[in-house]
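Working notes for the structure below.
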Amino acid sequence: MESYFYCSYENSKTGFFHTRLEGDALVPVEGGHEGLPAALGEFFSYGIFRLLWRDLAEPVEKPWRQPMPTAGMFGLRELEGSFSDGRQGTVNLAFYAAPGEGSRLRRTALAILGDFDGFRSRIFGWLSAGGPCGYSLDGAGFNAWADDCAGRSRLRLLVPRGDPAAVLLPGMQRTQPPRLERGLLRLAVYTGGWKETACALGDGPNWLIKPACALTQAAFDESFTGRGPIWELEPGD
32 MESYFYCSYE
42 NSKTGFFHTR
52 LEGDALVPVE
62 GGHEGLPAAL
72 GEFFSYGIFR
82 LLWRDLAEPV
92 EKPWRQPMPT
102 AGMFGLRELE
112 GSFSDGRQGT
122 VNLAFYAAPG
132 EGSRLRRTAL
142 AILGDFDGFR
152 SRIFGWLSAG
162 GPCGYSLDGA
172 GFNAWADDCA
182 GRSRLRLLVP
192 RGDPAAVLLP
202 GMQRTQPPRL
212 ERGLLRLAVY
222 TGGWKETACA
232 LGDGPNWLIK
242 PACALTQAAF
252 DESFTGRGPI
262 WELEPGD
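Heads up, the sequence shown is in my numbering, so the first residue is 32 and it goes up one at a time.
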């Protein structure tokens, strides 16, 4: 699974680069924005989504045809906070999972969403200003966290099952291909009107009705922030 970043911070005297984590270090993406996987390039370029978690598949010829996922992504845009050196900054990051890496992506995304405020604090604690890319990451700390997430397969709910966040879990935890194209979406936080958002997700009537897993920023904040952990992942068998 690959991890990509685009970060910025106040009072910078240098430019910033799209980066990919290689080992414990960030390196510039070869070709810049054009070198990103297509789905991540679109996510980083347009402010339609603040969060996007979806399986990726070729467009279906008919709305009732079952899509076959070929990859997956989970991205966050415009997280704001303080870098480890105290500078105020903004973080955009995305994970890209190739075939066979779906479980790792799913567990990572669930760990983030289970304690969203905790993850936001953690990611800013790993980042600092400077370096050849304009910003640096404690890659060892980040990788240790990601590896720990990958080893945790059992979810323990800390809120009632009827909680607005908990009711979204069946779609987020899905392990089989969805029956319809709209099922590729696991969670989205969108910023504009639904018509514009639907066009960004795909063509055809599958997206005309807003899925329950598509949230406004206000709805996401109410369900996932300012309330402490809502679930946690524990080591599985």
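The C-beta atom is built at its ideal place from N, Cα and C for all residues, glycine as well.
_Once DSSP output is grouped into helix, strand and coil, what is the label at Glu253?_
Here DSSP, grouped into helix, strand and coil, assigns Glu253 to helix.
*Is Leu107 near Ala219, with beta carbons less than 9 Å apart?*
Not a contact, by the Cβ cut-off of 9 Å.
*List in chain order: all unbroken alpha helix (DSSP H) runs of 4+ residues lying wholly within the region 217–266.*
225–232, 248–255
*Going by DSSP, name the residue or residues bridged to Thr121.*
Partner(s): Ser39, Glu111.
*Among Ala231, Pro260, Asn42, which has the Cα closest to the Cα of Gly72?*
Ala231
*Quick one: what's got a C-beta closer than 6 Å to Ser115's C-beta in the same chain, skipping five residues either side?*
Gly156, Ser159
*Taking Cβ to Cβ, would you say Tyr40 is nearer than 9 Å to Gln119?*
In contact: Tyr40 and Gln119 (Cβ atoms closer than 9 Å).
*With Thr139 as the anchor, note down where its alpha helix (DSSP H) starts and where it stops.*
133–145
*In its own chain, which residues sit with a C-beta less than 6 Å from the C-beta of Ile143, not counting the 5 before and 5 after it?*
Phe150
*What did DSSP end up calling Pro59 once you bin it into helix, strand or coil?*
strand
*So what does Arg51 bridge to, in DSSP terms?*
Tyr35, Val58
*Could you check the C-alpha separation between Asn237 and Leu186 for me, to the nearest Å?*
A straight line joining the alpha-carbon of Asn237 with that of Leu186 spans about 30 Å.
*Straight-line CA distance for Ser152 to Lys93?*
43 Å
*asked:* I'd like to know if the region 200–207 and the region 125–144 are in contact, where contact means that at least 3 CB-CB pairs between them fall below 8 Å.
replied: yes
_Cβ-Cβ distance between Pro90 and Asp234 below 9 Å_ = Yes, the Cβ-Cβ distance between Pro90 and Asp234 is below 9 Å.
*With DSSP run on the structure shown, which of helix, strand or coil describes Trp95?*
The DSSP-derived three-state label of Trp95 is coil.
_How far does the beta strand (DSSP E) with Asp86 in it extend, from its first residue to its last?_
80–88
*asked:* With a threshold of 8 Å, are at least 3 pairs of Cβ atoms found where one atom belongs to the region 96–111 and the other to the region 247–267?
replied: no
*Using the C-alpha atoms, what's the distance from Arg137 back to Asn174?*
16 Å
*Quick one: measure Cβ to Cβ for Pro98 and Glu212, integer angstroms, because I've assumed they're closer than 8 Å.*
5 Å
*Residue from Gly165, Pro242, Trp95 with nearest C-alpha to Leu199*: Pro242
*asked:* Between Gly103 and Gly63, how many whole angstroms is the CB-CB distance? I'm expecting something under 8 Å.
replied: The pair is not a contact, with the Cβ atoms about 23 Å apart (cut-off 8 Å).
_Proximity of Gly182 and Pro266 at Cβ, strictly below 9 Å_ = yes
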